[in-house]
Each structure stands twice: as structure tokens, then as C-alpha cells.
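K.L.:
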Amino acid sequence: MSTQVESCSSTNVTVEKVTPAYGLSEGPHWDHRIQKLYFVDINNQYIRRLDTATGVVTNAYIANGTVGVVIPVDDSTDELVAGVGKNLVLVTWNGESDQSEVPTKVLCSLDSAQSKTRINDGKVDSSGRFWLGTMGLEVNGQAPPNQGTLYRVDDTRKPEVEISPVSISNGLAWNIEDDTFYYIDSPTRKVVAYDYNPNTGEISNKRIVFDLDDTDLTGLPDGMTIDTQGNLWIALFGGHHVIQVNPKTKKVIRKIKIPAENVTSVTFGGPLLDILYVTTSGFNLTAKQLQETPDAGAVFAVKGLEVRGILSNSFVMMN
Numbered sequence: 001m002s003t004q005v006e007s008c009s010s011t012n013v014t015v016e017k018v019t020p021a022y023g024l025s026e027g028p029h030w031d032h033r034i035q036k037l038y039f040v041d042i043n044n045q046y047i048r049r050l051d052t053a054t055g056v057v058t059n060a061y062i063a064n065g066t067v068g069v070v071i072p073v074d075d076s077t078d079e080l081v082a083g084v085g086k087n088l089v090l091v092t093w094n095g096e097s098d099q100s101e102v103p104t105k106v107l108c109s110l111d112s113a114q115s116k117t118r119i120n121d122g123k124v125d126s127s128g129r130f131w132l133g134t135m136g137l138e139v140n141g142q143a144p145p146n147q148g149t150l151y152r153v154d155d156t157r158k159p160e161v162e163i164s165p166v167s168i169s170n171g172l173a174w175n176i177e178d179d180t181f182y183y184i185d186s187p188t189r190k191v192v193a194y195d196y197n198p199n200t201g202e203i204s205n206k207r208i209v210f211d212l213d214d215t216d217l218t219g220l221p222d223g224m225t226i227d228t229q230g231n232l233w234i235a236l237f238g239g240h241h242v243i244q245v246n247p248k249t250k251k252v253i254r255k256i257k258i259p260a261e262n263v264t265s266v267t268f269g270g271p272l273l274d275i276l277y278v279t280t281s282g283f284n285l286t287a288k289q290l291q292e293t294p295d296a297g298a299v300f301a302v303k304g305l306e307v308r309g310i311l312s313n314s315f316v317m318m319n
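Okay, so the sequence shown: first residue is 1 according to UniProt numbering, each after it adds one.
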């Protein structure tokens, strides 16, 4: 089946490597307050911060487990919340220098103590609530199906189940009107949309807005973001590309080739929110893959897209 790509001009698009190659780079978050990019290196257990003005990356090692996601705390300059193992953890780190050990405090746990799961991806909504999902621990590179859940955590730190079961909880996005929530459970190869109530955080009226099976594209949909025009930007893990999708027509608008097979996530950043930062994985690659894509695991900046993203939210903690 051929992929229909709606016409658009993208002649001046550039893809530039902006960090060294790490392991499993994921979860980019543009902190517009300080104009810096946070991301995680899941299996190496690092929170990393890129100063895009200087190119300097600073790193904080998290001893407690895999780091699936990190988001700054609102009204704080040295606090972050991270998904560590299956816990939501408060991390104290100002990002100015490398740290082999940082203070951490568990805010709450997701999933039962017995479950073999970990936090994978998450984002904060317009009300400061953290939406984050879990997945089963991989066995021989495969995550067991239906072990995960998507949760919503507010300042009370009591996780509320939003979607369950899921297999690999991944990309999330809200449109600029704040009335639609988009979500990816990677093995389904689909993006689903829900009606969204920003006051209560309730979602309803699930429908499929994009199905990768309707294209000839390879890989699985992974991380996702959205632009001001309502189009989705989706990382294809195993697919070498980021795709721009119109959820109204369910069609691919643009394909951006990335110099890594396993493209993990995307976010808009820069002073004008017009640079697409793309994380990739260099984890568990064969010698042939490493030879073909030596920059796998790096973060890339895609410029010249002529679209803008929406500001990323910080986690609101009252106490």
C-alpha cells in the first residue's frame, strides 16, 4: 500500500545533530522559561539537559531505576519530576553541572508492587496534571502485551487510571483549543483521539485518527507532539522517520528522514517554538546498525518546517 503524502513545501528543511550519541534518548521537553531542552536516557538512568545556545549537555544520574520521562516543576528552578522505575519521583537538580548523585523523593507509585512494569512516557496538561503511562518490562526485546496503564496525577499525588490496559504507553498531545487529547499505544500502530475536558481531565468518545497500517511506512508510532495548526508529529521507532499527520484527513502530510532507525520522540522548541527536537535510540543496536547510523542515540534539531509548536507545561506542585 502506498503512502499518500499531501503536497507541501519542505525544500529548506535541515536535520542537524545537536548532542552526542547516547543510549535510549527519549522524552524531550522544551523548558521555555530557561530556553533549554530536557530529555532522558532511559536505560543509562540519566536526566540530560541541552543548552541549545552553547551546545553543552549536563547530566544527572538517577540511581533508583530506569528514567522514562522528566518534567520541570512549575515555579521552581531546581526541581523536576521524573518517572523512575514505576515511581513518580521529585528530583532536585539545577541542571548547571553534571551530578553522579542527586536528591530524590518518591511522590507516588504507579502500578502494584508486584507488577513487572516501568514508566515510559508522559506529559503535563494545561492544568498542571501529569499524564504518564507504564509498560511491561521487556523480555528479549519484547514488551508483554496489556501490562501497562495510562495514569493522571495531580497535586494530591493519587494516580487516577485514564486508559487500561495498554501495552506500550507512548505519545500524548493536546490540541491548542484544549478540547482533544491524542494518544499512542505503540503496538497498535494507531493514534487515537478523545474528547477532553480540561477542567476535570476526563476523556471520552475514543476514535482512531491515524493508522500506520494504512501506509507503507515501517516501524511503530512512538513519541508525539502537535503544532498550532492541529497536525501531529510522530516519531517512528524502527522507521527512520518523523511524520506529520493531519488527524482530520488521517493522511501523512510530510516525512522527515532522521539519521537513526529508532526515532523515539519529538517536541517543538527554540525561542519561536519552530524547531523540532527529535530524540533517537542507540540502544541494543547490531554492529551493522551502528555502522549505518553512528549517530543513533543523539538528539537532532529539524529546522525550516515553517510551523510552530505549543508551549510545554510544567508540573504544578502546591506543597
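Each residue gets a CB set at the ideal place from its N, CA and C atoms; glycine is no exception.
Here the structure is a predicted model, which is why all the values come from computation and not from measurement.
Label Leu-50 either buried or exposed according to how many other C-beta atoms from any shown protein chain fall within 10 Å of its C-beta, with 16 as the threshold for buried.
P.N.:
By 1-based counting over the sequence shown, the position of residue 50 is 50. Burial call: buried.
K.L.:
What's the C-alpha gap between Asn-146 and Thr-54?
P.N.:
Taking the sequence shown and counting its residues from 1, the one referred to as residue 146 is at position 146. Taking the sequence shown and counting its residues from 1, the one referred to as residue 54 is at position 54. Straight-line Cα distance between these residues: approximately 43 Å.
K.L.:
Below 6 Å CB to CB, which residues in the same chain sit around Val-15 once its five sequence neighbours on both sides are set aside?
P.N.:
One-based indexing of the sequence shown puts residue 15 at position 15. Phe-300, Val-302.
K.L.:
Check for me: the alpha helix (DSSP H) holding Leu-290 runs from which residue to which?
P.N.:
In the sequence shown, residue 290 corresponds to position 290, counting from 1. Leu-290 -> alpha helix (DSSP H) spans 287–292.
K.L.:
For the region 131–165, list the beta strand (DSSP E) runs that are entirely contained and at least 3 residues long, ordered along the chain.
P.N.:
Counting whole runs of 3 or more residues, the region 131–165 contains the beta strand (DSSP E) stretches 148–153.
K.L.:
Is it right to say Lys-86 is buried, meaning 16 or more other beta carbons lie within 10 angstroms of its own, or is it exposed?
P.N.:
By 1-based counting over the sequence shown, the position of residue 86 is 86. Burial call: buried.
K.L.:
Assuming Ser-115 is part of the beta strand (DSSP E), what are its boundary residues?
P.N.:
Locating residue 115 in the sequence shown gives position 115, where the first residue counts as 1. Looking at the DSSP string, Ser-115 is not in any beta strand (DSSP E), and its letter there is neither H nor E.
K.L.:
Are the beta-carbon atoms belonging to Val-67 and Gly-83 less than 9 Å from one another?
P.N.:
Walking along the sequence shown from the start, residue 67 turns up at place 67. Walking along the sequence shown from the start, residue 83 turns up at place 83. In contact: Val-67 and Gly-83 (Cβ atoms closer than 9 Å).
K.L.:
Quick check on Leu-24: does DSSP put it in helix, strand or coil?
P.N.:
On the sequence shown, residue 24 is found 24 positions in, with the first residue counted as 1. Looking at Leu-24 - three-state DSSP - the assignment turns out to be strand.
K.L.:
Could you have a look at Leu-272 and say whether DSSP puts it in helix, strand or coil?
P.N.:
Within the sequence shown, the letter at position 272 stands for residue 272. Of the three classes helix, strand and coil, the one that applies to Leu-272 here is coil, per DSSP.
K.L.:
Tell me the DSSP secondary structure of Pro-187 in three-state form.
P.N.:
Position 187 of the sequence shown, counting from 1, holds the residue named residue 187. Of the three classes helix, strand and coil, the one that applies to Pro-187 here is helix, per DSSP.
K.L.:
Count Cβ pairs between the region 128–148 and the region 160–171 that sit closer than 8 Å; are there 3 or more?
P.N.:
With the cut-off at 8 Å, the region 128–148 and the region 160–171 touch.
K.L.:
Could you check what DSSP says for Leu-90 in three-state terms: helix, strand or coil?
P.N.:
Taking the sequence shown and counting its residues from 1, the one referred to as residue 90 is at position 90. In this structure, Leu-90 counts as strand in the three-state DSSP scheme.
K.L.:
What's the C-alpha gap between Asp-31 and Leu-37?
P.N.:
Stepping through the sequence shown from its first residue, residue 31 is reached at position 31. Stepping through the sequence shown from its first residue, residue 37 is reached at position 37. Each residue's alpha carbon lies about 6 Å from the other.
K.L.:
Please report the distance separating the alpha-carbon of Val-106 from that of Asp-214.
P.N.:
Position 106 of the sequence shown, counted from the first residue, corresponds to residue 106. Position 214 of the sequence shown, counted from the first residue, corresponds to residue 214. Computed Cα separation, rounded: 42 Å.
K.L.:
In or out: Arg-33 buried (at least 16 other Cβ within 10 Å) or exposed?
P.N.:
Here residue 33 refers to the residue found at position 33 when the sequence shown is read from its first residue. Arg-33 is exposed by the Cβ-count criterion.
K.L.:
Three Cβ pairs or more, each shorter than 8 Å: is that satisfied between the region 254–267 and the region 229–243?
P.N.:
Judged by Cβ distances under 8 Å, the region 254–267 makes contact with the region 229–243, as three or more pairs qualify.
K.L.:
Between which two residues does the beta strand (DSSP E) holding Met-224 run?
P.N.:
Numbered from 1 along the sequence shown, position 224 holds the residue referred to as residue 224. Per DSSP, Met-224 belongs to the beta strand (DSSP E) from 220–226.
K.L.:
Just list the residues that DSSP pairs Glu-79 with in beta bridges.
P.N.:
Along the sequence shown, read from residue 1 onward, the residue named residue 79 stands at position 79. Thr-92, per the DSSP bridge assignment.
K.L.:
Based on DSSP bridge pairs, tell me the residues matched to Val-315.
P.N.:
Along the sequence shown, one-based indexing puts residue 315 at 315. Per the sequence shown, the amino acid found at residue 315 is Phe instead of Val. Paired residues: Val-73.
K.L.:
Determine the direct distance from the alpha carbon of Glu-177 to that of Ile-243, and round the result to whole angstroms.
P.N.:
For the purposes of this step, residue 243 is taken as the residue at position 243 of the sequence shown. For the purposes of this step, residue 177 is taken as the residue at position 177 of the sequence shown. Cα to Cα, Ile-243 sits roughly 22 Å from Glu-177.
K.L.:
Given a cut-off of 9 Å, decide if Met-224 and Tyr-194 are closer than it, judged by their beta-carbon atoms.
P.N.:
Against the sequence shown, residue 194 aligns to sequence position 194. Against the sequence shown, residue 224 aligns to sequence position 224. Contact flag unset, no.
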